[in-house]
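One structure below.
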Amino acid sequence: MAALPEPPPLPPPLPAPAVDTHGHLSDPRLAPTAERLLARAAAVGVAYVVDPAVDAASAETALAHARRFPRAVRAAVGVHPHEAAALGPDDWARVEALAADPLCVAVGEVGLDHQRVFSPPAVQEECLERSLDLARRLDKPVLLHVRAAYRRTLEILDGAGRVRGILHAFWGDRETAEAFLVRGFLLGVGGAVTFRREEGLRQVIAALPPGSFVLETDAPYLAPEPVRGRTNEPALVAYTARRVAAVRGVEVAELVRETTAAAARLLGWPAE
Ligand SMILES: [Zn+2]
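Dropping the structure here:
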């Protein structure tokens, strides 16, 4: 049996409890070691993780994590645009039922991806519209995945009535940030803000109003510097938190308290 790969080194612990608002513990690469990953996260002050599903099966796993680790994990339940075309006739009813679980704090991850078109755009749009409708009926926020489809997403949001949420893995310009902020969305700031070439993104993040963004990993993807390219995990959001604090010229403790409070206001968890 092959030895497990050495996990990436951890940053120094954060001075206040942080939330990874988008860590896919339900991903098959992370689920088998979820308990160890949560222990590593807790050791550096990442006390809370939202585990977003991408389909009905991963929604079951995410909710199982929330039941097994009720202090540390909540689920988000939804159908990722990549998975929209694979949705079976009974899957949607299952997603709707799972999203109503009290341990599900958001509908997600849902959205539009016109960069890697694994599902036809029309199918993605129908899936997104159903998801927004579900979020409104359940009065839960949405976790939005948007790639190369900002304008179309905004049109659909404007047609959907009042929906709140997080624009996950924010990687846009100031106009895009403002378009989502005025619609009541928060921005999910992840590993991209640490990448060497992303000076423009750092400038956008530096200018955001306090309380308008939250932290995330998108684990197992998008590991931050200095461990870019490794398998991402919730603990590594601590690297991102330190970098964002430096970019904004604030103390790490202040940055963490501010982002945790923003997550709590939107998601209703962790308790304020
Ligand atoms: Zn994701």
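Going by this note's numbering, 761 is the number at position 2 of the sequence shown; the sequence numbering is gapless. A virtual CB, placed ideally from N, CA and C, is assigned to each residue, including glycine.
For histidine 824, the enclosing alpha helix (DSSP H) starts and ends at 815–827. In the assembly as shown, aspartate 872 is a buried residue. Its beta-carbon has 16 or more other beta-carbons within 10 Å. Among the bridge pairs identified by DSSP, tyrosine 807 is matched with Val778. Taking C-beta atoms as the reference points, glycine 837 and glycine 804 fail to come closer than 7 Å. Nearest to alanine 815 by C-alpha distance, out of Arg799, His839, Thr792, is His839.
Between the stretch 889–896 and the stretch 813–831, the count of C-beta pairs closer than 8 Å stays below three; the two stretches do not touch. Rounded to the nearest whole angstrom, the CA to CA distance from histidine 781 to glycine 947 is 8 Å.
The stretch 825–857 is shown to contain whole beta strand (DSSP E) runs of 3 or more residues at 832–836, in chain order.
For alanine 806 and aspartate 898, the gap between their C-alpha atoms comes out near 25 Å. In this chain, aspartate 932 is not harboured by any beta strand (DSSP E), its DSSP state being neither H nor E. Within a 10 Å sphere around the beta-carbon of aspartate 932 sit fewer than 16 other beta-carbons, which makes this residue exposed. Straight-line spacing of the CA atoms in valine 986 and valine 864 works out to 29 Å. Between the stretch 981–995 and the stretch 1004–1021 there are fewer than three C-beta pairs closer than 8 Å, too few to call the two in contact.
Less than 7 Å separates the beta-carbon of valine 973 from that of threonine 1018.
Just so you know, the alpha carbons of glycine 920 and arginine 889 end up roughly 13 Å apart.
At a threshold of 6 Å, glutamate 975 does not count as near ligand 1, since its beta carbon sits no closer than that to any of the ligand's heavy atoms.
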